[in-house]
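Colleague:
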Amino acid sequence: MFNTSNNTNNSSNNGGITSFLKLKWRTSTKYNIKPRLPNTVDDIERDWVRHNALKLAFENDFKAPIERLLQAGGSEVLDIGCGAGFWTTDMAARFPLSYFIGLDIDKNVLPTSPCGRNVLYQHMDLIELPLPFEDATFDYVFVRSMLSTMPDHLWDDVLKELIRIMKKGAYIECVEAYDNLFDTGPSMNILIELVLRSTQQPPYSPTKENSRNPWPNRLANISQLMGMRIHHTHTPVGFHGGEIGALLLEYWERMISSYRDEWIANKWIDEEELEKTIELMKEEVEEHNTYMSWYSVVARKKGYAGPVLQFDDVDDDGTVYTTTCC
Ligand SMILES: C[S@@+](CC[C@H](N)C(=O)[O-])C[C@H]1O[C@@H](n2cnc3c(N)ncnc32)[C@H](O)[C@@H]1O
């Protein structure tokens, strides 16, 4: 099946449903992909835990009103910075008649085993513009946990490019966590400070920017977009919050554990104190009902003047439920 760890020119003889995608692929001699910030196993496992927590938190994989179109089939979806493709793979399995592309700068993180005939993973750097897609290729572009992956000012050009490759009427959805945890105890505060100290400096962050222009501000400034909607969700961290809470506590423990060696080596905290702080943090999140918050912002590209689609769902007893879309 697909071995997508090569570059975009490795597109021969996959055949089948995905061959349509190759037709839209522009070859680019300008390509010079420089692997940066490779994902560690820790990163990937953490992404997996977060992916499952977010699915529960948003009660779905997405908030854009695109479900009926994806079900109907023929829609084309792009997941930028897809990582190990957890979202893309789930979506492609759930909507087998639509087509999914996940792209990531880190070729080693992309799935290489077969994930379905309607999904394709590509090694690509978002900063290397233009992206190798024709104008108006995609019905839906998904962007999750990506804000901090590149310097703030570069997003303007990348977003412009994403709008170019979206069809008129297509949706873009950006999902991100708010920076802060809320109702935290003193031990969690110490650990957050340490995480920030690590993540807000190279090599983890390409810049030292402390506050980034969040997605809603960015999307609101793009004149080709309309109908922006923001969904917020507050998610418990700790067992007080059931399954989501347990997953997000695991997420934070994994985050802490991936930086712990660096903290100890830099003498930011000694090992014994770190262990004590982690144990206290686990008690505190339950006492304080600690939580974190996420948002999903969805907007639509202007200019759709196509037909209104009608979907009929027929119940077992023959009742027909009609909904329209677009
Ligand atoms: C925090 S992970 C998010 C993964 C996935 N979107 C999710 O929600 O599970 C960020 C991903 O963005 C990728 N990335 C960072 N910079 C990139 C770039 N310039 N072009 C493409 N992918 C990039 C990283 O390799 C990583 O897999």
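Per the UniProt record's numbering, the sequence shown runs over residues 1 to 326.
Cβ atoms here follow ideal geometry from the backbone N, Cα and C, with glycine treated the same way.
1. Tell whether a beta-carbon distance below 8 Å holds between residue 235 and residue 248.
2. Which same chain residues end up closer than 8 Å to residue 81 when comparing Cβ atoms and leaving out the 5 residues on each side of it in sequence?
3. Roughly how many whole angstroms lie between the Cα atoms of residue 175 and residue 50?
4. Please report the distance separating the alpha-carbon of residue 132 from that of residue 151.
5. Under DSSP, the alpha helix (DSSP H) around residue 86 begins and ends at which residues?
6. Which partner residues of residue 263 appear in the DSSP bridge assignment?
7. Which same chain residues end up closer than 7 Å to residue 262 when comparing Cβ atoms and leaving out the 5 residues on each side of it in sequence?
8. Would you list the one or two residues that DSSP bridges to residue 174?
9. Is the CB-CB distance between residue 300 and residue 140 below 8 Å?
10. Please state whether the Cβ-Cβ distance between residue 167 and residue 138 is less than 8 Å.
11. Go to residue 71, then tell me how far its alpha helix (DSSP H) extends in each direction, as first and last residue.
12. Could you give the first and the last residue of the continuous beta strand (DSSP E) run that contains residue 120?
13. Can you tell me whether DSSP reads residue 184 as helix, strand or coil?
14. What separation, rounded to the nearest whole angstrom, lies between the Cα atoms of residue 86 and residue 255?
15. For the beta strand (DSSP E) that residue 76 lies in, which residues bound it at each end?
16. Flag this pair as yes or no: are the beta carbons of residue 302 and residue 173 separated by less than 8 Å?
17. Spell out a yes or no on whether the segment 271-279 and the segment 221-233 are touching, meaning 3 or more CB-CB pairs, one atom from each, closer than 8 Å.
18. Taking residue 265 as the reference, which of 116, 53, 194 has the closest Cα?
19. Using a threshold of 8 Å, state whether the C-beta atoms of residue 293 and residue 178 are closer than that.
20. Mind listing, in chain order, the continuous beta strand (DSSP E) runs of no fewer than 3 residues lying wholly within the segment 219-263?
21. Whole angstroms are fine: how far does the CA of residue 123 sit from the CA of residue 72?
22. Pull up the DSSP beta-bridge partners for residue 101, would you.
23. Does ligand 1 have even one heavy atom less than 7 Å from the beta-carbon of residue 112?
24. Can you tell me where the alpha helix (DSSP H) holding residue 288 begins and where it ends?
25. State the start and end residues of the unbroken alpha helix (DSSP H) segment that holds residue 164.
26. Taking the alpha-carbon positions, what's the residue 238 to residue 94 distance?
27. Of all Cβ atoms in chain D, is any one closer than 8 Å to the Cβ of residue 92?
28. Among the residues of its own chain, which have a CB less than 6 Å from the CB of residue 311, if the five just before and after it don't count?
29. Residue 304: which of 136, 160, 257 sits nearest, CA to CA?
30. Flag this pair as yes or no: are the beta carbons of residue 114 and residue 121 separated by less than 8 Å?
31. Does ligand 1 have a heavy atom nearer than 7 Å to the CB of residue 77?
32. One question on the structure: do residue 251 and residue 57 come within less than 8 Å of each other, judged by their Cβ atoms?
33. Give every residue of the same chain whose Cβ lies closer than 6 Å to the Cβ of residue 212, excluding the five residues on either side of it in the sequence, and list them in chain order.
34. Taking the beta carbon of residue 191 as the centre, do at least 16 other beta carbons fall within 10 Å, making it buried, or is it exposed?
35. Cα separation between residue 180 and residue 288?
Modeller: In terms of the structure at hand:
1. Looking up residue 235 in the sequence shown gives position 235. Looking up residue 248 in the sequence shown gives position 248. It is a contact, given that the beta carbons lie within the stated cut-off.
2. Position 81 of the sequence shown holds residue 81. Once the five neighbours on either side are set aside, the close Cβ partners of residue 81 are 103, 104, 105, 126, 143, 144, 145, 146, 149.
3. Walking along the sequence shown from the start, residue 175 turns up at place 175. Walking along the sequence shown from the start, residue 50 turns up at place 50. Each residue's alpha carbon lies about 12 Å from the other.
4. Locating residue 132 in the sequence shown gives position 132, counting from the first residue. Locating residue 151 in the sequence shown gives position 151, counting from the first residue. The alpha-carbon atoms of residue 132 and residue 151 are separated by roughly 22 Å.
5. Locating residue 86 in the sequence shown gives position 86, where the first residue counts as 1. Residues 86-94.
6. Start at 1 with the first residue of the sequence shown, and residue 263 comes out as number 263. For residue 263, which the question treats as bridged, DSSP gives no partner whatsoever.
7. Residue mapping note: residue 262 aligns to position 262 of the sequence shown, counting from 1. Hits under 7 Å: 198.
8. By one-based count along the sequence shown, residue 174 stands at place 174. Residue 174 is bridged to 143, 297.
9. Against the sequence shown, residue 300 aligns to sequence position 300. Against the sequence shown, residue 140 aligns to sequence position 140. No.
10. Looking up residue 167 in the sequence shown gives position 167. Looking up residue 138 in the sequence shown gives position 138. Cβ atoms of residue 167 and residue 138: closer than 8 Å.
11. Position 71 of the sequence shown, counted from the first residue, corresponds to residue 71. Its alpha helix (DSSP H) spans residues 67-72.
12. Here residue 120 refers to the residue found at position 120 of the sequence shown. Note, residue 120: beta strand (DSSP E), 119-123.
13. Start at 1 with the first residue of the sequence shown, and residue 184 comes out as number 184. If DSSP states are grouped into helix, strand and coil, residue 184 belongs with coil.
14. The residue labelled residue 86 in the question sits at position 86 within the sequence shown. The residue labelled residue 255 in the question sits at position 255 within the sequence shown. As the crow flies, the alpha-carbon of residue 86 is around 18 Å from that of residue 255.
15. By 1-based counting over the sequence shown, the position of residue 76 is 76. Taken as a continuous stretch (DSSP letters only), the beta strand (DSSP E) holding residue 76 covers 76-80.
16. Position 302 of the sequence shown holds residue 302. Position 173 of the sequence shown holds residue 173. Not in contact: residue 302 and residue 173 (Cβ atoms no closer than 8 Å).
17. no
18. As a working mapping, residue 265 is identified with position 265 in the sequence shown. Closest option to residue 265, Cα to Cα, is 194.
19. Start at 1 with the first residue of the sequence shown, and residue 293 comes out as number 293. Start at 1 with the first residue of the sequence shown, and residue 178 comes out as number 178. Yes; because the gap between Cβ atoms is below 8 Å, this pair is in contact.
20. 225-236
21. Taking the sequence shown and counting its residues from 1, the one referred to as residue 72 is at position 72. Taking the sequence shown and counting its residues from 1, the one referred to as residue 123 is at position 123. Using only the alpha carbons, I get a separation of about 28 Å.
22. The count along the sequence shown starts at 1 and reaches residue 101 at position 101. Beta-bridge pairing links residue 101 to 78, 120.
23. Translated into the one-based positions of the sequence shown, residue 112 becomes position 112. Outside the cutoff, so no.
24. Your numbering for residue 288 matches position 288 in the sequence shown. Here the alpha helix (DSSP H) through residue 288 covers 271-288.
25. Translated into positions along the sequence shown, residue 164 becomes position 164. 154-165 is the extent of the alpha helix (DSSP H) around residue 164.
26. As a first step, residue 238 must be located in the sequence shown, where it is residue number 238. As a first step, residue 94 must be located in the sequence shown, where it is residue number 94. Cα to Cα, residue 238 sits roughly 30 Å from residue 94.
27. Here chain D cannot be found, since the structure has a single protein chain.
28. Within the sequence shown, numbered from 1, the residue matching residue 311 stands at position 311. Cβ within range, chain order: 68, 323.
29. For the purposes of this step, residue 304 is identified with residue 304 of the sequence shown, where counting begins at 1. For the set 136, 160, 257, the Cα lying nearest the Cα of residue 304 is the one of 136.
30. As a working note, residue 114 is residue 114 in the sequence shown. As a working note, residue 121 is residue 121 in the sequence shown. When the beta-carbon positions are compared, residue 114 and residue 121 stay at least 8 Å from each other.
31. Your numbering for residue 77 matches position 77 in the sequence shown. False, no ligand heavy atom lies under 7 Å from that Cβ.
32. As a first step, residue 251 must be located in the sequence shown, where it is residue number 251. As a first step, residue 57 must be located in the sequence shown, where it is residue number 57. Contact flag unset, no.
33. Position 212 of the sequence shown, counted from the start, is the residue given in the question as residue 212. Contacts found: 147, 152.
34. The residue labelled residue 191 in the question sits at position 191 within the sequence shown. Classification of residue 191: buried, given that the 10 Å Cβ count is 16 or more.
35. On the sequence shown, position 180 is the one that residue 180 refers to. On the sequence shown, position 288 is the one that residue 288 refers to. Approximately 15 Å between the Cα atoms of the pair.
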